[in-house]
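Colleague:
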Amino acid sequence: MPLALEEVRRIAELARIGISDAEARAVRAQLNDIFELIGQMQKVDTDGIEPMTHAQGSASRLREDAVTEGDRREQFQAVAPQVERGLYLVPKVIE
Amino acid sequence: MLNTPLKELSAALAQKKISSAELTKLFLDRISRLNAALNAFITVDAEKSLAQARAADERIAKGAAQPLTGIPVAHKDIFVTKGWRTTCGSKMLENFVSPYDAHVIERFNASGAVVLGKTNMDEFAMGSSSETSFYGPVKNPWNPEFVPGGSSGGSAAALAARMAPAATGTDTGGSIRQPAALSGLSGLKPTYGLVSRYGMVAFASSLDQGGPMAKSAEDLALLLNVMAGFDARDSTSIEHPAENYARDLDQPLSGLRIGVPKEHFGEGLSADVGKSVEEALKEFEKLGAKRISIGLPNSSLSVPAYYVIAPAEASSNLSRFDGVRYGYRASGYRDLADMYRKTRAEGFGAEVRRRILIGTYVLSHGYYDAYYLKAQKIRRLIAQDFAEAFKQCDVIVGPTSPTVAFRIGAKAADPVQMYLNDIYTIPANLAGLPGMSIPCGFGANSLPVGLHIVGNYFAEARMLNVAHRYQGVTDWHRREPAGI
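So the sequence lines, in the order shown, correspond to chains G and H.
Here the working numbering is used: the first residue of the first sequence is 1, the next is one more, and so on.
Here the working numbering is used: the first residue of the second sequence is 96, the next is one more, and so on.
1) Going along chain G in order, which residues have a C-beta closer than 7 angstroms to the C-beta of H:Met187?
2) Answer yes or no: do H:Ala251 and H:Met322 have a C-beta to C-beta separation smaller than 8 angstroms?
3) Answer yes if the region 487 to 496 of chain H comes into contact with the region 542 to 559 of chain H, meaning at least three C-beta pairs across the two stretches below 8 angstroms, and no otherwise.
4) What is the rounded straight-line gap between the Cα of H:Arg474 and the Cα of G:Glu7?
5) Can you tell me whether DSSP reads H:Gly248 as helix, strand or coil?
6) Please classify H:Arg449 as buried or exposed, where buried requires at least 16 neighbouring CB atoms within 10 angstroms.
7) What is the C-beta distance between H:Cys535 and H:Ser270, in whole angstroms, given that I count them as a contact (C-beta under 8 angstroms)?
8) Using beta carbons (cut-off 8 angstroms, strictly below), is G:Pro51 in contact with chain H?
9) Among H:Gly422, H:Val544 and H:Phe325, whose alpha-carbon lies nearest the alpha-carbon of H:Ala337?
10) Could you check if H:His170 is buried or exposed, using at least 16 other CB atoms within 10 Å of its CB as the buried criterion?
11) Which complete alpha helix (DSSP H) runs does the region 197 to 239 of chain H hold, if anything under 4 residues is left out?
12) Which residues mark the beginning and the end of the beta strand (DSSP E) in which H:Pro194 is found?
13) So H:Asp152 and H:Ala116 are supposed to be a Cβ contact under 8 angstroms. How far apart are they, rounded?
14) Where does H:Ser185 land, buried or exposed, given buried means 16+ other C-beta within 10 angstroms?
15) Name the chain G residues that come within less than 7 angstroms of H:Arg292, Cβ to Cβ?
16) Thinking C-alpha only, which one of H:Asn238, H:Val233 and H:Lys437 is nearest H:Ala247?
17) Which two residues bound the contiguous beta strand (DSSP E) that contains G:Ile49?
18) When the Cα atoms are used, what is the spatial distance from H:Arg573 to H:Asp314?
19) How about H:Gly538 and H:Asp367: do their beta carbons lie closer than 8 angstroms?
20) Could you have a look at H:Thr615 and say whether DSSP puts it in helix, strand or coil?
21) Can you name the residues that DSSP bridges to H:Thr138?
22) Could you work out which residue in H:His460, H:Leu391 and H:Tyr463 is closest to H:Pro522 when comparing CA atoms only?
23) With 16 as the cutoff for other CB atoms within 10 Å, does H:Lys111 come out buried or exposed?
24) With H:His547 as the anchor, note down where its beta strand (DSSP E) starts and where it stops.
25) Would H:Glu408 pass as a contact of H:Ala526 if the rule is Cβ separation under 8 angstroms?
26) Taking the continuous alpha helix (DSSP H) assigned at G:Val27, which residues delimit it?
27) CB H:His198 to CB H:Asp303, shorter than 8 angstroms?
28) Whole angstroms is fine: what's the gap from H:Ala327's alpha carbon to H:Met295's?
29) Should G:Ile19 go down as buried or exposed, given a rule of 16 or more other Cβ atoms within 10 Å for buried?
30) Determine, using beta carbons only, whether H:Asn98 and H:Glu575 come nearer to each other than 8 angstroms.
31) Strictly by DSSP, which residues pair up with H:Gln304?
32) According to DSSP, is H:Val568 helix, strand or coil?
33) By the criterion of Cβ-Cβ separation under 8 angstroms, what are the contact partners of G:Ala80 in chain H?
34) Are G:Met41 and H:Leu396 closer than 8 angstroms when you measure CB to CB?
35) Would DSSP call H:Ile333 helix, strand or coil?
36) If you count every other CB in all the chains shown that lies within 10 Å of the CB of H:Ile333, and 16 or more means buried, which is it?
Encoded structure:
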């Protein structure tokens, strides 16, 4: 079932990626080709097969509940687009 | 020096026949001469490399050298490297100078190796041709009109043009093995979890695995000895006892059971590649190995399942690029949501945006069972196929890629054709198995052909043994591009 243009726009919005109408049309054709490829999966019966989430089935490792990282705020904020007094700046969200 | 195996380079350094500074300078000079034409490196910093080389020379003088001390290694620009710009091939990270080292970089630094530079790659490792890089396509040194493969194409081109004696790559669906094949090199994707993903920019976390790229299996073993190791900062790192991956290189192959999957020799495989692989299988038989026909019946479903799982994980991983904490931020936006939309539309290239859209869709409400869950079930079937096969054989051998390198631009407009490049390599990622590619001949346009070897979990030493013995009776791995 091919994707409608409206659906492409909806996915782009969910992914927070701006998309023009021309881009949406172009990407729609490519996505439909890709979903046709993906659709081959439906040929196989997978009833009763346990999904494989990971290559190694092991459970998560536990560790002591102790601080292992030092304060590296300055280093990490040095690569941020906009900071002030140790805070990341973004456009105002609350009026 | 340009063609010398790592073991011999190491001996030359130890015997003071050459210093690390001289060796590093040799390769840096070669990079400044050749890189403009091949675009293999995104970042080179001679001063930093030479400072590290001088420190290595002091270490050698003190008698504290390890096997790779003083050896320059080119790193895929996906491994964050402290004080080095790390772009992952993206505009999103154009100005990102990493505040820390990836585990792999830490391990190379601790071994005394020298960071020779950061190599070009498909943006966020999404591609099979190294054409999606924001920094321009990488050219194949065997013929610059052709792609070197991808996504670790910069590392492949650097090695093939002898701009580096060793390199690192990462492999999510074939990104070490396919460029190794298309560029006439040896490359190894280890068992999932053997090499830490800490500081390796994430693409699809359940599939991503770092590994070495080099001119021979023996060199790969020495590099893997440094790269492999447990790291608590990677939640899927495996607590596996340290191994010397070079220990079995010279073991005889008599009695080795080679599984040959019929599904990898059917429709889609080009005749030139098939012929070289057949000849390689005959060499193995001469070495005493036994050929066994096996089946990997769900193999053809690996590409469809991969293009659900990898984009799904990517859409989640790449949500961190929002223009707030690091990386690119668009200028001129109305509000926070507009800043996100513009930043991500401008910062990501077309292929990355496409994969994020696929991933977002398959994980969206109402589609999860039909796509993501279905793909995970198929992943299980593929892993089970391998488990069955390894009851009958020790390694699985076939072609790495259906064709030799293709022309730059030939598949750029057709994502599905591009995705099918990885049809033979993707199954090992889905199962988490180790896989490698070694050169086994030349095909159309005199371009290299790669032989794919897949082993069982943690069978790296055995696979390297298989490859090394083959390289002992053939010289494909010693061939180099003419005219460079």
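We treat Cβ as the ideally placed atom computed from N, Cα and C, and that holds for glycine.
Modeller: Result, derived from the coordinates:
1) The residue labelled residue 187 of chain H in the question sits at position 92 within the second sequence. When 7 angstroms is used as the limit between beta carbons, H:Met187 is near no residue of chain G, the shortest such separation being about 11 angstroms.
2) Position 156 of the second sequence holds residue 251 of chain H. Position 227 of the second sequence holds residue 322 of chain H. Cβ atoms of H:Ala251 and H:Met322: not closer than 8 angstroms.
3) yes
4) Position 379 of the second sequence holds residue 474 of chain H. Position 7 of the first sequence holds residue 7 of chain G. About 28 angstroms.
5) Within the second sequence, the letter at position 153 stands for residue 248 of chain H. Judged by DSSP in its simplified three-state form, H:Gly248 adopts helix.
6) Along the second sequence, one-based indexing puts residue 449 of chain H at 354. By the neighbour-count rule (16 or more Cβ atoms within 10 Å), H:Arg449 is buried.
7) Residue numbering aside, residue 535 of chain H sits at position 440 when the second sequence is read from its first letter. Residue numbering aside, residue 270 of chain H sits at position 175 when the second sequence is read from its first letter. Here H:Cys535 is actually not in contact with H:Ser270; their C-beta atoms are around 20 angstroms apart, not less than 8 angstroms.
8) The residue you call residue 51 of chain G lines up with position 51 of the first sequence. G:Pro51 counts as touching chain H.
9) Taking the first residue of the second sequence as 1, we reach residue 337 of chain H at position 242. For H:Ala337, the nearest C-alpha among the options comes from H:Phe325.
10) The residue labelled residue 170 of chain H in the question sits at position 75 within the second sequence. Burial call: buried.
11) 198 to 206
12) In the second sequence, the residue the question calls residue 194 of chain H occupies position 99. Looking at the DSSP string, H:Pro194 is not in any beta strand (DSSP E), and its letter there is neither H nor E.
13) Stepping through the second sequence from its first residue, residue 152 of chain H is reached at position 57. Stepping through the second sequence from its first residue, residue 116 of chain H is reached at position 21. At roughly 6 angstroms, the Cβ-Cβ gap stays under 8 angstroms, so H:Asp152 and H:Ala116 are in contact.
14) Here residue 185 of chain H is taken as the residue at index 90 of the second sequence, counted from 1. Buried.
15) In the second sequence, residue 292 of chain H corresponds to position 197, counting from 1. Chain G residues near H:Arg292: none, gap ~12 angstroms exceeds 7 angstroms.
16) Counting from 1 along the second sequence, the entry for residue 247 of chain H is found at position 152. The identity of residue 247 of chain H in the sequence shown is Ser, whereas the question assumes Ala. For H:Ser247, the nearest C-alpha among the options comes from H:Val233.
17) As a first step, residue 49 of chain G is located in the first sequence; it is residue number 49 there, counting from the start. Counting along the chain, G:Ile49 falls outside any beta strand (DSSP E), and DSSP gives it neither H nor E.
18) The residue given as residue 573 of chain H occupies position 478 in the second sequence. The residue given as residue 314 of chain H occupies position 219 in the second sequence. Roughly 12 angstroms separates the two Cα atoms.
19) Counting from one through the second sequence, the residue named residue 538 of chain H turns up at place 443. Counting from one through the second sequence, the residue named residue 367 of chain H turns up at place 272. Against a cut-off of 8 angstroms, the Cβ pair of H:Asp367 and H:Gly538 comes out as a contact.
20) A question about residue 615 of chain H goes unanswered here, because the residues of chain H that appear run from 96 up to 579.
21) Start at 1 with the first residue of the second sequence, and residue 138 of chain H comes out as number 43. H:Lys213, per the DSSP bridge assignment.
22) Taking the second sequence and counting its residues from 1, the one referred to as residue 522 of chain H is at position 427. Looking only at H:His460, H:Leu391 and H:Tyr463, the smallest Cα-Cα distance to H:Pro522 is reached by H:Leu391.
23) The residue you call residue 111 of chain H lines up with position 16 of the second sequence. Counting Cβ neighbours within 10 Å, H:Lys111 comes out exposed, since fewer than 16 surround it.
24) In the second sequence, the residue the question calls residue 547 of chain H occupies position 452. That run of the beta strand (DSSP E) goes Pro543 to Gly550.
25) As a working note, residue 408 of chain H is residue 313 in the second sequence. As a working note, residue 526 of chain H is residue 431 in the second sequence. Result no, Cβ atoms of H:Glu408 and H:Ala526 do not sit closer than 8 angstroms.
26) Here residue 27 of chain G refers to the residue found at position 27 when the first sequence is read from its first residue. Its alpha helix (DSSP H) spans residues Asp21 to Ile38.
27) Taking the second sequence and counting its residues from 1, one reaches residue 198 of chain H at position 103. Taking the second sequence and counting its residues from 1, one reaches residue 303 of chain H at position 208. Not a contact, by the Cβ cut-off of 8 angstroms.
28) The residue you call residue 327 of chain H lines up with position 232 of the second sequence. The residue you call residue 295 of chain H lines up with position 200 of the second sequence. Roughly 14 angstroms separates the two Cα atoms.
29) The count along the first sequence starts at 1 and reaches residue 19 of chain G at position 19. It counts as buried.
30) The count along the second sequence starts at 1 and reaches residue 98 of chain H at position 3. The count along the second sequence starts at 1 and reaches residue 575 of chain H at position 480. Yes. Within cutoff.
31) On the second sequence, residue 304 of chain H is found 209 positions in, with the first residue counted as 1. The partner list for H:Gln304 (beta bridge, DSSP) reads H:Asp266.
32) For this step, residue 568 of chain H is matched to residue 473 along the second sequence. In the three-state reduction of the DSSP assignment, H:Val568 falls in the helix class, which pools H, G and I.
33) Walking along the first sequence from the start, residue 80 of chain G turns up at place 80. Under the 8 angstroms cutoff, chain H gives Val419, Arg420 and Tyr421.
34) For the purposes of this step, residue 41 of chain G is identified with residue 41 of the first sequence, where counting begins at 1. For the purposes of this step, residue 396 of chain H is identified with residue 301 of the second sequence, where counting begins at 1. Contact: yes.
35) By 1-based counting over the second sequence, the position of residue 333 of chain H is 238. In the structure shown, H:Ile333 sits in coil (DSSP, three-state: anything other than H, G, I, E or B).
36) In the second sequence, residue 333 of chain H corresponds to position 238, counting from 1. With 16 or more Cβ atoms within 10 Å of its Cβ, H:Ile333 is classed as buried.
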